[in-house]
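Some notes on the structure that comes next.
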Amino acid sequence: MRTNWLRWWFIFLFAAAVIPAFAFYLDLGVQNWITAHPNRSAKGFMHAVSRFGDWPEHAALGLLLLGMAWWRGNKKWQRIFLSMLIALALAGAIARVAKIATGRARPSVHSETVWNGPQLSSRFHAFPSGHTAASSAFFGILFFVSWRLALACSPIPLLIGVSRMYVAAHYLSDVVGGILVGILSAAVVATFLLQQIRNPKSKI
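Written out as structure tokens, the structure is:
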């Protein structure tokens, strides 16, 4: 078991180094393509996804699900939904600190300096995407419970990430960074809170 966890951590660390580097390389190309291909319907839809894909909506959903599990007396799912909420909070905190520390200008901000150091203005809080980090952490917990359910929910954080690029709030690398923060947060929370129910043969 320990060997398996070490292998997965090594894979994650390798991906955390290689994938963002590739994403940084593609940043301008992806953003230029989005700018050059405007679509009114897609823009309206992406604005709605971006608006309702933030952490308060995820927290509200998590609390609702936790309440339903409590009402039904299902302790397993109470722990799972609680873990989703804690992972959401952890990812949000990490993303917030990173945003302020790096001071990366958003794509909509015209600035010669992309990385500006510690900044309090939200105009320089591009890296990583907080929306994507929160959603990835929230639904990422499900990968430690049921990979089928997790895969079914995975389009949600991916769509939120795309929407953040479409509304010029983030670059591709910001979204990728958010996903990695979310996965890391989910893994940490699952390690401490889901040890008893991490069984691939368990039925949902």
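The working numbering puts the first residue of the sequence shown at 1, with every later residue one more than the last. Using N, Cα and C, we set each Cβ at its ideal position, and we do this for glycine too.
Identify whether Arg148 lies in helix, strand or coil by the three-state DSSP scheme. In the sequence shown, residue 148 corresponds to position 148, counting from 1. In the structure shown, Arg148 sits in a helix (DSSP, three-state: H, G or I).
Ser129 Cβ short of 8 Å to the ligand COA heavy atom set: For the structure depicted, the ligand COA is absent and the ligand set is empty, with no information on it obtainable.
Are His170 and Gly53 close, meaning C-beta to C-beta below 9 Å? To locate residue 170, count along the sequence shown from 1; it is residue 170. To locate residue 53, count along the sequence shown from 1; it is residue 53. Cβ atoms of His170 and Gly53: not closer than 9 Å.
Comparing alpha-carbon positions, which option in Leu194, Ile11 and Ser185 lies nearest Ala91? The count along the sequence shown starts at 1 and reaches residue 91 at position 91. Selected option, being the one with the closest Cα: Ser185.
Are at least three pairs of beta-carbons, each pair with one atom in the stretch 95-108 and one in the stretch 75-85, less than 8 Å apart? no
Inter-stretch contact (C-beta, 8 Å, three-pair minimum) for the stretch 171-178 and the stretch 23-35: yes
Residues in the same chain with beta-carbon distance under 7 Å from Ala220, minus the five sequence neighbours each way, listed in chain order, please. What the structure shows of the chain is the stretch from 1 to 204, and residue 220 is not part of that stretch, so it cannot be assessed.
Under 8 Å, with one C-beta from each stretch per pair, do the stretch 150-165 and the stretch 44-64 reach the 3-pair mark? yes
Local conformation of Arg72 per DSSP, three classes: What you label residue 72 is simply residue 72 of the sequence shown in a count that begins at 1. Arg72: helix per DSSP, three-state reduction.
Which of the three DSSP states is assigned to Arg106 in this structure? By one-based count along the sequence shown, residue 106 stands at place 106. DSSP places Arg106 in coil when its eight states are reduced to three.
Going by other Cβ atoms of all chains shown within 10 Å of its Cβ, with 16 needed for buried, is Ile94 buried or exposed? Sequence index remark: in the sequence shown, residue 94 carries index 94 (1-based). When all chains shown are included, Ile94 counts as buried.
What residues are listed by DSSP as bridge partners for Trp115? Your numbering for residue 115 matches position 115 in the sequence shown. Per DSSP, Arg104.
Excluding the 5 residues flanking His125 on each side, which residues of the same chain have their C-beta closer than 6 Å to its C-beta? Here residue 125 refers to the residue found at position 125 of the sequence shown. These residues qualify, in order along the chain: Lys99.
Mind checking which residues open and close the alpha helix (DSSP H) that includes Ser154? Numbered from 1 along the sequence shown, position 154 holds the residue referred to as residue 154. Segment: none, Ser154 is in no alpha helix (DSSP H) and carries neither H nor E.
Per DSSP, what kind of secondary structure is Ser83 in: helix, strand or coil? Working through the sequence shown from its first residue, we reach residue 83 at position 83. Helix, per DSSP.
In angstroms, rounded to a whole number, what distance separates the CA positions of Ile86 and Asp27? Start at 1 with the first residue of the sequence shown, and residue 86 comes out as number 86. Start at 1 with the first residue of the sequence shown, and residue 27 comes out as number 27. Using only the alpha carbons, I get a separation of about 31 Å.
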